[in-house]
Amino acid sequence: MSIKKILLCVIVCFLALGAVPAVHAEESGEMKLGINDSVTDIRAVFVGYTFYVPVRELADELKLSLGGTPEDLMLSGDRGRIRILKEGKGIAGDGTEISLTVFKRGGKLMIPLKIASVLGYSVSYKPERHLLRITDGSQVLDDGAFAEKFKEKLKPEEPPKPAPSPSPAKPESSKPAPNPPKTGVSGKVVYLTFDDGPSATTGQLLNILDKHGAKATFFMLGPNIERYSSQVKRMAKSEHGLGLHGITHVKSKFYASPAAALKEMNQDNADLEAVSGRTTKLIRPPYGSKPYFTKAFRDKVLGSGYHLWDWNVDSLDWKYKTASDSIYNNVVSQVNKLDKYGVSPVILMHDQKATLQVLPRILDYLHKKGYQYEIITSDLKPLNFWHDAR
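Each residue of the sequence shown is one higher than the one before, counting from 192 in our numbering.
Right under this line is the structure:
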């Protein structure tokens with residue numbers, strides 16, 4: 192076996208085992224990244240026994256070439272190159288496939304720091320000294336001297352203590368008191384979605400989301416948009432995601448023909464614009480896209496620029512109604528299964544009174560698991576049962 196192949200095997204094993212020793216995510220949180228003999232502004236986030244960093248910031252610091260799209264990135268330098276694919280794998284310069292996980296955090300694409308090994312760098316991790324460092328052999332300081340020199344910079348920042356303030360007057364029900372966001376530092380993302388609204392209880396639903404610092408995407412029906420216009424305006428002002436669910440929610444009408452489905456979505460969009468001044472390209476057809484939203488429907492509707500979204504976690508709140516324990520256990524079970532594979536949950540719930548009873552428990556659980564809430568946007572690759580990426 193050639194030296195090159197031996198080295199490649201070592202790198203693949205290194206990637207499989209992880210570049211750093213396993214520690215508990217909640218104990219490490221974020222760490223400042225050192226490169227050679229300096230401390231950078233890059234903050235590495237610990238998720239699933241691996242440190243992740245923003246790909247663009249890493250490329251800038253290492254003077255690497257970065258090209259392609261978020262779904263197919265090429266990261267290359269004088270020492271090596273790797274192709275990073277969104278579906279969970281990387282391809283080294285010689286064609287060897289490597290299992291990788293990438294995700295978005297705060298609008299930035301995060302990649303595992305262990306990729307640095309493929310690019311010709313070494314990674315050092317000394318948790319007791321708060322040291323996480325990439326070197327290329329040109330460094331002057333060893334890890335001990337580096338940690339000692341920059342111990343003040345490397346030390347984790349203490350969270351600021353809130354200043355005391357007088358008790359505020361009780362807010363109006365339509366304007367809940369703002370609470371600090373309850374988002375974790377793990378980098379894990381969850382997408383909350385609510386169908387069929389808005390409704391008479393949407394205000395309470397938004398209050399719960401505000402209290403937990405959570406954002407959601409609402410797939411709404413045209414007539415309900417008109418009826419509860421103030422809640423739609425509140426959603427838009429609070430920067431929740433806005434999506435379309437059609438007009439009738441009647442199978443025989445919506446799925447009468449591809450043209451009928453497109454007409455409902457267009458009318459729904461017009462209703463949304465009339466109320467909020469905004470339009471959207473995000474759609475979720477009634478009852479989900481399978482089996483009725485066939486290729487003929489998708490060609491007609493998605494061909495007009497819409498993006499189709501289903502879900503990968505079904506709360507079944509429409510079925511269990513007031514059986515809160517059943518809804519909660521159902522969501523937790525599905526989220527945990529996705530978590531094992533590093534897949535972001537897209538949770539289906541409904542804008543209904545019964546869901547309000549269990550929602551706080553679900554949000555508390557997601558916070559405990561380290562998830563941060565993001566909304567669905569048009570630049571994301573759609574998740575749907577047909578795997579239609581349009």
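For glycine and all other residues, C-beta sits at the position ideal for the given N, C-alpha and C. Because the structure is a prediction, the values reported are computed rather than measured.
In the structure shown, S429 falls within a coil segment according to DSSP collapsed to helix, strand and coil. Around the beta carbon of P477, 16 or more other beta carbons lie within 10 angstroms, which makes this residue buried. Following the DSSP letters along the chain, one finds P245 inside the beta strand (DSSP E) bounded by residues T241 to P245.
Annotated as distal: A391 and I399, with beta-carbon spacing of 9 Å or more. D386 is classed as buried because its beta carbon has at least 16 other beta carbons within 10 Å across all chains shown. Across the structure, E248 and V381 are spaced so that their CA atoms are roughly 24 Å apart. Distance from the CA of I233 to the CA of K346, rounded to the nearest whole angstrom, comes to 14 Å. Its chain contains K491, V492 and S495 as the residues whose beta carbon lies nearer than 7 Å to that of L453, once the 5 sequence neighbours on both sides are disregarded; these appear in chain order. Counting only residues of its own chain and dropping the five nearest sequence neighbours on each side, Y511 has a CB closer than 7 Å to the CB of S517 and I518.
Counting only runs of 3+ residues, the beta strand (DSSP E) found wholly inside the stretch 418 to 469 occupies 432 to 435, in chain order. For K379, the number of other beta carbons within 10 angstroms of its own is at least 16, and it is reported as buried. Residue burial is scored here from C-beta neighbours: Y312 has at least 16 other C-beta atoms within 10 angstroms and is therefore classed as buried. The residues D501 and F576, in chain order, have a CB closer than 7 Å to that of G479 in the same chain once the five nearest residues on each side in sequence are set aside. Taken in chain order, the whole beta strand (DSSP E) runs of length 3 or more contained in the stretch 470 to 546 are 537 to 541. Contact between the stretch 415 to 426 and the stretch 439 to 454 is not established, with fewer than three Cβ pairs separated by less than 8 Å.
Take the alpha-carbon of L499 and the one of L550: they are about 25 Å apart. Our two residues, K528 and N503, have alpha carbons roughly 11 Å apart in a direct line. With respect to the 9 Å criterion, L539 and T384 are classified as neighbours on the basis of their beta carbons. Between G388 and D462 a beta carbon distance of about 13 Å is seen, past the 8 Å cut, so the two are scored as non-contacting. Here D386 carries a strand assignment [DSSP, helix/strand/coil]. Check the Cα spacing between S267 and each of E339, T260 and K254: the tightest is with K254. The beta-carbon distance between G432 and A465, rounded to whole angstroms, is 19 Å. This is too long to meet the 8 Å contact definition. Bounds of the alpha helix (DSSP H) holding L396 are T393 to K402. Going by DSSP, G225 is part of no alpha helix (DSSP H) but of the beta strand (DSSP E) stretching over E221 to I226.
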